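Asks: Taking my numbering, I'd label the letters of the sequence shown as residues 199 to 332. Just so you know, even glycine gets a beta-carbon here, dropped at the ideal spot from N, CA and C. The structure displayed is predicted, hence computed values, not measured ones. Below you'll find the structure I mean.
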Amino acid sequence: MKRPLLAMLSVILVLPVLNSVAPAGAAPPGSVRAVELRTEHLAKPLGIDAEQPRLSWQLTGTGRDAMQTSYEIRAAETVGELHRGPYLWESGEVASNDPYAEYAGAGLASRQRVAWQVRVWDASGDVSNWSAPS
């Protein structure tokens, strides 16, 4: 009877350690990141009627520093170009806690496809990874 009890105790002691290990590439605890990207209030729209569309995102994070203090947006013609360029537009770092912006690149043409993503800075000055593309 002592053996199963020892085995249960070792499992109980190991589980909290396993749960505290973050997967490779994960954002640090307490950081903020952008999710749920929208264009003209739509998630991944097939078409919009705006040359300078409004872009928005939601924030997720925990901890006392989990608030946006700045953001940066980049837009390209394809998702692949988001990772290597060329870009249609890069906002550069914009000091703002607002989770929305207006596309400020060259006017978009009819039927032009655009992918965009955003990254944000938290109250400690740490920058998130780039969001998933929209």
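#1: Under a Cβ-count criterion, where at least 16 other Cβ atoms within 10 Å of its own Cβ denotes burial, should Q315 be classed as buried or exposed?
#2: For E270, collect the residues of the same chain with a Cβ closer than 6 Å to its Cβ; drop the 5 residues on either side in sequence, then sort them by chain order.
#3: Bridge partners for V325 per DSSP, in chain order?
#4: Between A232 and D320, which are expected to be in contact by the criterion C-beta below 8 Å, what is the C-beta distance as a whole number of angstroms?
#5: In angstroms, rounded to a whole number, what distance separates the CA positions of A241 and E234?
#6: Compute the Euclidean distance between the alpha carbons of L253 and H281, then round it to the nearest angstrom.
#7: Got a sec, what are the start and stop residues for the beta strand (DSSP E) V233 sits in?
Replies: On the basis of the supplied data:
#1: When all chains shown are included, Q315 counts as buried.
#2: Around E270: S289, E291, R317.
#3: W319, per the DSSP bridge assignment.
#4: That belief does not hold up - the Cβ atoms of A232 and D320 are roughly 11 Å apart, past 8 Å.
#5: Approximately 7 Å between the Cα atoms of the pair.
#6: In this structure, the straight-line span from the alpha carbon of L253 to that of H281 is close to 19 Å.
#7: Counting along the chain, the unbroken beta strand (DSSP E) around V233 starts and ends at 230-237.
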